[in-house]
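J.: Once you know that position 113 of the sequence shown is 448 in the working numbering, the rest is easy, because the numbers rise by one and skip nothing.
The structure follows.
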Amino acid sequence: MNPAASVERTLVLVKPDGVRRNLIGEIVSRIEAKGYSISALRMLDADRSMLETHYAEHVGKPFFEPLVEFMLSGPIVAMIVEGNRVIEGFRSLAGATDPTVAAPGTIRGDLARDQGTKVVQNLVHGSDSLESAKREIEIFFAGLTIERKS
Ligand code: IDP
Ligand code: MG
């Protein structure tokens, strides 16, 4: 078996607050400094249908509509990040969902805070399971085949 085929992948998004605050480089830098590899990256304006699919698990929650509106409020950066246990590892780098209590040293803990908005603005998204990663990568990188000459 090709060992590269088993390397885990996750979908990371820099949300509109991260792009507006010029934190793309800081976030990419933390991912790379940890030792993970970025195998695809794009900046885009998401559309509502992508976001409704991406955040399907949150449909019906009070913050769902504010979340979609926030994610539509400006460009985002989508990345496929690779490495052993990267799903768990990136969520550890990102920190807790609520930036007020996210541990110092994490992206959310160091760089975000409560802004008093209906939706928590916390700079990044990271997939939470192998199944979510596969589904979310397909939303943001539909049909992309990653081949690298080594
Ligand atoms: P996660 O991004 O840490 O995986 P999820 O529970 O999947 O957190 O929620 C998705 C996003 O929705 C969060 O990153 C945050 O922006 C927002 N969110 C989650 N829970 C709340 C809440 O209780 N109030 C407001 N916004 C929330
Ligand atoms: Mg989540």
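Glycine included, each C-beta is placed from N, C-alpha and C at the ideal position.
Bear in mind the structure is a predicted one, so any value in this text is a computation, not a measurement.
Quick test of your reading: Ile472 and Met385, contact by CB under 8 Å. State the CB separation rounded to the nearest angstrom.
T.: No, Ile472 and Met385 are not in contact; Cβ-Cβ is about 12 Å, not under 8 Å.
J.: May I ask which residues mark the beginning and end of the beta strand (DSSP E) holding Ser364?
T.: No beta strand (DSSP E) contains Ser364, which is instead part of the alpha helix (DSSP H) from Ile359 to Lys369.
J.: Is it true that the CB of Lys369 sits closer than 8 Å to the CB of Leu428?
T.: Contact: yes.
J.: Evaluate the contact criterion for the segment 439 to 452 versus the segment 379 to 396: three or more CB pairs, one atom per stretch, below 8 Å.
T.: Counting Cβ pairs under 8 Å, fewer than three are found: no touch.
J.: Could you tell me if the beta carbon of Asp445 falls within a distance shorter than 7 Å of some heavy atom in the ligand COA?
T.: The ligand COA is not among the ligands present in this structure, which contains only the ligand IDP and the ligand MG.
J.: Of the choices Ser467, Asp380, Ser372 and Ala375, whose alpha-carbon is the least far from that of Pro410?
T.: It is Asp380.
J.: Quick one, which of Leu479, Glu404, Leu458 and Phe405 has its alpha-carbon nearest Asp433's?
T.: Answer by Cα proximity: Leu458.
J.: CB Val416 to CB Thr345, shorter than 8 Å?
T.: Their beta carbons are under 8 Å apart, which means Val416 touches Thr345 by this criterion.
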